[in-house]
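Data block below; observations after.
In the working numbering, the protein residues as written are -17 to 69.
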């Protein structure tokens, strides 16, 4: 696992963590994002598999019409970082 990939994963987790702890993020999205952070931090799968799973989940969240625009934009930032992870 390259150092670049580790840094990208940490950056994405940090971005998601900011959303999960923000008072302006709706509760239902906080729970989903918190669960996603937990999945990203487990070592059960390789880094690239965890990133791909997270991208899929984040894409589903961003398609929800009830997501506030600032949350959607921040999620896209996390997706962009996760897409850079390759093995």
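Glycine included, every Cβ here is placed at the ideal spot set by N, Cα and C.
For residue i, does the count of other Cβ atoms within 10 angstroms reach 16, so buried, or fall short, so exposed?
{"i": "residue 52", "result": "exposed"}
{"i": "residue 68", "result": "exposed"}
{"i": "residue 61", "result": "buried"}
{"i": "residue -3", "result": "buried"}
Quick check on the DSSP output: the alpha helix (DSSP H) that includes residue i runs from which residue to which?
{"i": "residue 49", "result": "Premise fails: residue 49 is in no alpha helix (DSSP H) and is neither H nor E."}
{"i": "residue 24", "result": "Neither: residue 24 is in no alpha helix (DSSP H) and is coded neither H nor E."}
{"i": "residue -5", "result": "-15 to 3"}
Please identify the residue among the options whose C-alpha is closest to the C-alpha of residue i.
{"i": "residue 1", "options": "57, 64, 63, 61", "result": "57"}
Excluding the five sequence neighbours on either side, which residues of its own chain have a C-beta within less than 6 Å of the C-beta of residue i, listed in chain order?
{"i": "residue 63", "result": "-10, -7, -6"}
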